[in-house]
Every structure is written in C-alpha cells, then in structure tokens.
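> One structure coming up, written as structure tokens, with questions to follow.
Protein chains: 2
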Amino acid sequence: MQEKGLLIVLSGPSGVGKGTVRKEIFSQEDTAFEYSISMTTRAPRQGEVNGVDYFFKTREEFEALIKQGKLLEYAEFVGNYYGTPVDYVQETLNKGKDVFLEIEVEGAKQVREKFPDGLFIFLVPPSLSELKKRIVTRGTESEEVINNRMNAAKEEIEMMHLYDYVVENDKVENAVEKIKAIVIAEHLRRERVEPKYKRMLEVN
Amino acid sequence: MQEKGLLIVLSGPSGVGKGTVRKEIFSQEDTAFEYSISMTTRAPRQGEVNGVDYFFKTREEFEALIKQGKLLEYAEFVGNYYGTPVDYVQETLNKGKDVFLEIEVEGAKQVREKFPDGLFIFLVPPSLSELKKRIVTRGTESEEVINNRMNAAKEEIEMMHLYDYVVENDKVENAVEKIKAIVIAEHLRRERVEPKYKRMLEVN
Numbered sequence: 636m637q638e639k640g641l642l643i644v645l646s647g648p649s650g651v652g653k654g655t656v657r658k659e660i661f662s663q664e665d666t667a668f669e670y671s672i673s674m675t676t677r678a679p680r681q682g683e684v685n686g687v688d689y690f691f692k693t694r695e696e697f698e699a700l701i702k703q704g705k706l707l708e709y710a711e712f713v714g715n716y717y718g719t720p721v722d723y724v725q726e727t728l729n730k731g732k733d734v735f736l737e738i739e740v741e742g743a744k745q746v747r748e749k750f751p752d753g754l755f756i757f758l759v760p761p762s763l764s765e766l767k768k769r770i771v772t773r774g775t776e777s778e779e780v781i782n783n784r785m786n787a788a789k790e791e792i793e794m795m796h797l798y799d800y801v802v803e804n805d806k807v808e809n810a811v812e813k814i815k816a817i818v819i820a821e822h823l824r825r826e827r828v829e830p831k832y833k834r835m836l837e838v839n
Numbered sequence: 636m637q638e639k640g641l642l643i644v645l646s647g648p649s650g651v652g653k654g655t656v657r658k659e660i661f662s663q664e665d666t667a668f669e670y671s672i673s674m675t676t677r678a679p680r681q682g683e684v685n686g687v688d689y690f691f692k693t694r695e696e697f698e699a700l701i702k703q704g705k706l707l708e709y710a711e712f713v714g715n716y717y718g719t720p721v722d723y724v725q726e727t728l729n730k731g732k733d734v735f736l737e738i739e740v741e742g743a744k745q746v747r748e749k750f751p752d753g754l755f756i757f758l759v760p761p762s763l764s765e766l767k768k769r770i771v772t773r774g775t776e777s778e779e780v781i782n783n784r785m786n787a788a789k790e791e792i793e794m795m796h797l798y799d800y801v802v803e804n805d806k807v808e809n810a811v812e813k814i815k816a817i818v819i820a821e822h823l824r825r826e827r828v829e830p831k832y833k834r835m836l837e838v839n
C-alpha cells in the first residue's frame, strides 16, 4: 500500500515574505516536495510564465472551475481570483509525494477544513518579537503608533491557532531550514509511522 | 518569564545503537542541549571517568537516593542499578535549556509518567524494515527463524506507542540529523510558541 504524501501549507500575514521563502525552498536541490502552482485571473507580469509562476485563466474560466468544485481553496484580492487546483494536489498526494502550497490565510482556512491532517505552518514577521522591545524601550514612537502595531500583532496572533507550527521569518535561510526540519519531523511522527510497521508485520 | 527547556528522551530496544547516536549528537558543535549523565552502581570500565561517562555510586548510595526520590527513573540490569538524577534535569529545564536523556525503554516509561510533555524518540533498528523483504523473499531462512524475528519485531512495535517520534537507525549520521530536526520542529509547535507571543503582547 502506497503511503500518502503530506500536504504542507505555508501561510501568514501578507507582506511576511511567503513567496521569497517558497522560492528559496524550491531552489534547493534536496527539496523533495512538489509545488502546487496557483491559478489566477490577474494578468501575467513581465517574465511570468503560464504553468510555471501561475496558471493564468480568464474570469469566466475561473468561475466555471469554482462551480465544478475544482478548487481546493480560492479567494479574491483587489479584483482578481487566486486559487489552488484540487486535482493536482490529490493526484500528487496519492502518488505518495508531499505537496507544498504557499497561500493566503483565508485560503489556508479553507484547506484546513478539507485537509485537517495537513501540515500548517504560519510564517510570522520578526517584528512580532521586536515589538516587545519597542514597547519596553518606549519613547521612540508615539503611543498611537505603538497601539496600532500592538493591535496588528494581536490580529496576527489570533490567526495562529489554526496552524501546527509557527516560524519567524527573521532571515530567509533560517525560515527555510526550520520549515524543512518541520517536514522531516512530521514524517517521523509515531502516529504516521506506526501503522506502516504494523502493516509490515501483518504480511504473513 | 523564562521559557522552560524541553526534555528529550532517546530510547529503543537494547542493541539499537542509542549510545552511539547520543555520542555523535554531543560531538557536534551546534548541539544546543545538555546531556544528563546517568548514575550507576556498575564498576567503571577502562577509561571511563566519574561525572563524565557516569556518576559511579555504591549500591548503598544508590538505594538511599531511590528512597529520597532523587531519581527520575531507574532500573536494574545484570545486577547493577542505572538511573537518572532528577535534580540536574529539573534545574537545567528551569534554566530554559533542553535536557537530553539516553535511557532504556523501562526507564523511558517511568519518565513518560512524570513528564508527559517530554519529547520521546524511539530508535528502531533498520532490521525492522528489512524484515518485510526477508519475509517476502522467503526460503532463505527457516520458518522458525522468521517467526522468531517477527515476534521480536512485534514486541518492539508494541513499545512504540509511548513515543512521539520513531527514527530508524540505518546510519548514525541520518539518525542524528533526524533527531535534530525533531527537536527544532518541537520548539516551533504552535502550542509551545503561541503563549509566548500572547504574553509578549500583554506587556502593556
């Protein structure tokens, strides 16, 4: 029996650097998981290639796919749709390969409902821990600025509870190393490994 | 507030190579956890140093420590006591440092009861996965030999259920790399990290 792959979801507040971290992961030769290319209705930017950076679709095509249930998650940003084609994800997992999604928090929430066993990683900006220092050393910023930053940080932390792991994006290399360690560890969890050994010994 | 350290317990069937893996971990410069030296009543072997390899004690001293509740776990093997002094473990964890124990399965069971939040890693021999091949390719070994190996493997698998992670000791370097990844990941678990961020933002 083929062991199913792991669905790895990287998300976090916008601007945290999810895309940069994802690109670094997939530029490394020893990365053994597959990247699920998103679908979008926005126009390709200079140098972007269909089927590499995104699957570019018209609004009509995208909405037809939504109706057909062909999207694992989708959301609309600034007038454009972004989503994850479900077939590629399912087929790749069934082949026993890990699939990596880099998506917005709203999409991650939708995926969590469909794949409760997925591996959900929340990328946080280092400002979240620098925040404490700023609050403590006061005076350098107005109370209003501090309050705004505090509230923004609190909102980010509220989103954490849907995730399994939290990685601070202080440096891209550090974040990538941590994400890779999380994936290695997840494959070694007793709950995942034990049934395999048990099945092994039933072959008799 | 000081974050408490993590109690890391490496165990597994005897002969699996726990000691070799532990020595390799502590020979690496980037290892950031503390090794808890065991206590024993057995005589020092050639080259073994008190307080480095073991704390060597007399039987009377050891039994007094048991009565005083000074051992986190202990067991008797071939007429000698082996155990883990509890004070060092507690003090080190309280300083926020990770403590690493390399102990027998019987001791690990005792530690699990006292530290349910510890990180328990079960080292398995590669023979467990080779076993399947041997069963499948039959004929090379007698049915009795296969049955004996099957039963031994089943007993090992029964012990797994108390552990959080299972690492196959195919090569010492691989096992060490996996154990280090597990420790990195464990520190990034949302349940561990979230309270820290929440406390951070309450400082106002």
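One line per chain: the protein sequences are A and B, in this order. Residues in the first sequence are numbered from 636 upward in steps of one, following our numbering. Residues in the second sequence are numbered from 636 upward in steps of one, following our numbering. Cβ coordinates follow ideal geometry from the N, Cα and C atoms, glycine included. All values derive from a computational prediction rather than experimental measurement.
(1) Going by other Cβ atoms of all chains shown within 10 Å of its Cβ, with 16 needed for buried, is A/ASN804 buried or exposed?
(2) Counting only Cβ pairs nearer than 8 Å, list the residues of chain B close to A/LYS789.
(3) What's the call for B/ASN839, buried or exposed, on a 16-neighbour Cβ count within 10 Å?
(4) Check whether chain A comes within 8 Å of B/VAL740, counting only Cβ atoms and requiring the distance to be less than that.
(5) For chain A, check one thing: does any of its Cβ atoms lie closer than 8 Å to the Cβ of B/LEU700?
(6) What residue ranges within the region 664-712 of chain B form continuous alpha helix (DSSP H) runs of no fewer than 4 residues, ordered along the chain?
(7) How far does the alpha helix (DSSP H) with A/GLU829 in it reach, from first residue to last?
(8) Report the neighbours of A/VAL828 on chain B: residues whose CB is nearer than 7 Å to its CB, in chain order.
(9) Is the separation between the beta-carbon of B/GLU737 and that of B/GLY654 shorter than 8 Å?
(10) Tell me, to the nearest whole angstrom, how far the beta carbon of B/ASP799 is from that of B/LEU754; I am working on the premise that it is less than 8 Å.
(11) From which residue to which residue does the beta strand (DSSP E) around A/LEU797 run?
(12) Between which residues of its own chain and B/GLU638 is the CB-CB distance below 6 Å, once the five residues before and five after are set aside?
(13) Give the C-beta separation of B/GLU741 and B/ALA710 to the nearest angstrom, bearing in mind that I take them to be a contact with Cβ-Cβ under 8 Å.
(14) I want to see whether chain A comes within less than 8 Å of B/LYS653, judged by CB atoms only; does it?
(15) Skipping 5 residues on each side, what residues in its chain have a beta carbon closer than 8 Å to that of B/PHE690?
(16) For A/PHE712, does the count of other Cβ atoms within 10 angstroms reach 16, so buried, or fall short, so exposed?
(17) Starting from B/ASN715 and walking both ways along the beta strand (DSSP E), at which residues does that stretch end?
(18) I'd like to know whether the C-beta of A/ILE817 is nearer than 8 Å to at least one C-beta of chain B.
(19) Could you name the residues of the same chain whose beta carbon sits closer than 6 Å to that of B/THR666, not counting the 5 residues immediately before and after it, in chain order?
(20) Counting only Cβ pairs nearer than 9 Å, list the residues of chain A close to B/ILE643.
(21) Whole angstroms are fine: how far does the CA of B/GLU698 sit from the CA of B/LYS692?
(22) Using a cut-off of 7 Å between C-beta atoms, extract the partners of B/ILE833 located in chain A.
(23) Given a cut-off of 8 Å, decide if B/ALA743 and B/VAL644 are closer than it, judged by their beta-carbon atoms.
(24) Starting from the Cα of B/GLY843, find the closest Cα among B/TYR670, B/VAL780, B/SER662 and B/GLN663 and give me that residue.
(25) Among B/ARG825, B/VAL656, B/GLU696 and B/GLU778, which one has its Cα closest to the Cα of B/ARG677?
(26) With 8 Å set as the bound, which would you pick, yes or no: does the beta-carbon of A/ALA820 sit closer than that to a beta-carbon of chain B?
(27) Does the CB of B/MET795 have a neighbour CB from chain A at under 8 Å?
(28) With H, G and I counted as helix, E and B as strand and the rest as coil, what does DSSP make of A/SER662?
(29) Please classify A/PRO657: is it buried, with 16 or more other beta-carbons within 10 angstroms of its beta-carbon, or exposed?
(30) Please report the distance separating the alpha-carbon of B/ASP752 from that of B/VAL802.
(31) Do B/LEU642 and B/VAL724 count as a contact pair if the criterion is CB distance below 8 Å?
Working from what's here:
(1) Translated into positions along the first sequence, residue 804 of chain A becomes position 169. Under this definition A/ASN804 is a buried residue.
(2) Residue numbering aside, residue 789 of chain A sits at position 154 when the first sequence is read from its first letter. By Cβ distance, chain B contributes LEU836.
(3) Numbered from 1 along the second sequence, position 204 holds the residue referred to as residue 839 of chain B. Confidence at B/ASN839 is low in this model, with a pLDDT of 47, below 50, so its placement is unreliable and the value that follows should be read with caution. B/ASN839 is exposed by the Cβ-count criterion.
(4) Your numbering for residue 740 of chain B matches position 105 in the second sequence. So, not an interface residue.
(5) On the second sequence, position 65 is the one that residue 700 of chain B refers to. No, no contact with chain A.
(6) 694-702
(7) Taking the first sequence and counting its residues from 1, one reaches residue 829 of chain A at position 194. Note, A/GLU829: alpha helix (DSSP H), 825-837.
(8) For this step, residue 828 of chain A is matched to residue 193 along the first sequence. By Cβ distance, chain B contributes VAL801.
(9) Within the second sequence, numbered from 1, the residue matching residue 737 of chain B stands at position 102. Within the second sequence, numbered from 1, the residue matching residue 654 of chain B stands at position 19. Cβ distance < 8 Å, so B/GLU737 and B/GLY654 count as in contact.
(10) Working through the second sequence from its first residue, we reach residue 799 of chain B at position 164. Working through the second sequence from its first residue, we reach residue 754 of chain B at position 119. Between B/LEU754 and B/ASP799 the Cβ distance is about 6 Å, and since that is below 8 Å, they are a contact.
(11) The residue given as residue 797 of chain A occupies position 162 in the first sequence. Note, A/LEU797: premise wrong, no beta strand (DSSP E); not H, not E.
(12) Counting from 1 along the second sequence, the entry for residue 638 of chain B is found at position 3. Once the five neighbours on either side are set aside, the close Cβ partners of B/GLU638 are GLY731.
(13) Translated into the one-based positions of the second sequence, residue 741 of chain B becomes position 106. Translated into the one-based positions of the second sequence, residue 710 of chain B becomes position 75. Confirmed, Cβ separation roughly 5 Å.
(14) Here the question's residue 653 of chain B lines up with position 18 in the second sequence. Judged by the 8 Å Cβ criterion, B/LYS653 is not in contact with chain A.
(15) Along the second sequence, read from residue 1 onward, the residue named residue 690 of chain B stands at position 55. The answer, listed in chain order, is ILE672, SER673, MET674, THR675 and PRO720.
(16) Position 77 of the first sequence, counted from the first residue, corresponds to residue 712 of chain A. Exposed, by the Cβ-count rule.
(17) For this step, residue 715 of chain B is matched to residue 80 along the second sequence. 715-720 is the span of the beta strand (DSSP E), which, as asked, contains B/ASN715.
(18) Counted from its first residue, the first sequence places residue 817 of chain A at position 182. By this cut-off, A/ILE817 is an interface position.
(19) Stepping through the second sequence from its first residue, residue 666 of chain B is reached at position 31. Here the set comprises ILE660.
(20) Position 8 of the second sequence, counted from the start, is the residue given in the question as residue 643 of chain B. By Cβ distance, chain A contributes nothing, its closest Cβ being about 13 Å from B/ILE643, past 9 Å.
(21) Numbered from 1 along the second sequence, position 57 holds the residue referred to as residue 692 of chain B. Numbered from 1 along the second sequence, position 63 holds the residue referred to as residue 698 of chain B. Approximately 10 Å, taken between the alpha carbons.
(22) Within the second sequence, numbered from 1, the residue matching residue 833 of chain B stands at position 198. At residue 833 of chain B the sequence reads Lys, which differs from the Ile that was named. The contacting residues are ILE792.
(23) Here residue 644 of chain B refers to the residue found at position 9 of the second sequence. Here residue 743 of chain B refers to the residue found at position 108 of the second sequence. A contact, by the Cβ cut-off of 8 Å.
(24) Residue 843 of chain B lies beyond the stretch modelled for chain B, which goes from 636 to 839, so this question has no answer here.
(25) Walking along the second sequence from the start, residue 677 of chain B turns up at place 42. Cα-wise, what sits closest to B/ARG677 is B/GLU696.
(26) Residue 820 of chain A sits at position 185 when you count from the first residue of the first sequence. By this cut-off, A/ALA820 is an interface position.
(27) In the second sequence, residue 795 of chain B corresponds to position 160, counting from 1. Chain A contact via Cβ: present.
(28) Here residue 662 of chain A refers to the residue found at position 27 when the first sequence is read from its first residue. Helix.
(29) The sequence position of residue 657 of chain A within the first sequence is 22, counting from 1. Here residue 657 of chain A turns out to be Arg, not Pro, going by the sequence shown. Burial call: buried.
(30) Start at 1 with the first residue of the second sequence, and residue 752 of chain B comes out as number 117. Start at 1 with the first residue of the second sequence, and residue 802 of chain B comes out as number 167. Cα to Cα, B/ASP752 sits roughly 19 Å from B/VAL802.
(31) In the second sequence, counting from the first residue as 1, residue 724 of chain B sits at position 89. In the second sequence, counting from the first residue as 1, residue 642 of chain B sits at position 7. Their beta carbons are under 8 Å apart, which means B/VAL724 touches B/LEU642 by this criterion.
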